[in-house]
Amino acid sequence: MRANIARKEASEEAPSQAEEKRLATWGSEVPDDLVIDQKKLAEALQKEDERRREERDERKRKYNVKWNDEVTPEDMEAFRMKRIHHDDPMKEFLH
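Here it is in structure tokens:
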């Protein structure tokens, strides 16, 4: 029984590998070994532009929309690149 308690405590202390990946994808910390494919990044930037255009006018959105909920590192990088930084003094020149 003590072995089970010790194992449970050890597993609670160490974050799981999936949790670390999720933090790297959604958090502000980007791992050093992250490799982003430039083609996929360009496609993700185009999808982000389309999403923003579609977001402006939802009247044209179809009723049965198929959503892809899977987020890739390229999608997150495109989102970070296109995000408006409210505290940035140069934001007027970028957008």
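In the numbering used here, the protein residues as written are 384 to 478. Beta carbons are placed, not taken as given, at the ideal position from N, Cα and C, and that holds for glycine.
Could you have a look at residue i and say whether DSSP puts it in helix, strand or coil?
i: Met-464; result: helix
i: Met-459; result: helix
i: Ile-388; result: helix
i: Asp-471; result: coil
i: Glu-453; result: coil
i: Asp-432; result: helix
i: Leu-424; result: helix
Between residue i and residue j, what straight-line distance do the alpha-carbon atoms span, to the nearest angstrom?
i: Gln-429; j: Arg-439; result: 16 Å
i: Glu-457; j: Lys-422; result: 9 Å
i: Leu-434; j: Glu-453; result: This sequence places Arg at residue 434; Leu is not what is there. Their Cα atoms are separated by approximately 15 Å.
i: Ser-394; j: Arg-436; result: 45 Å
Considering only the beta carbon of each residue, do residue i and residue j sit closer than 9 Å?
i: Glu-431; j: Phe-476; result: no
i: Ala-427; j: Thr-455; result: yes
i: Ile-419; j: Glu-392; result: no
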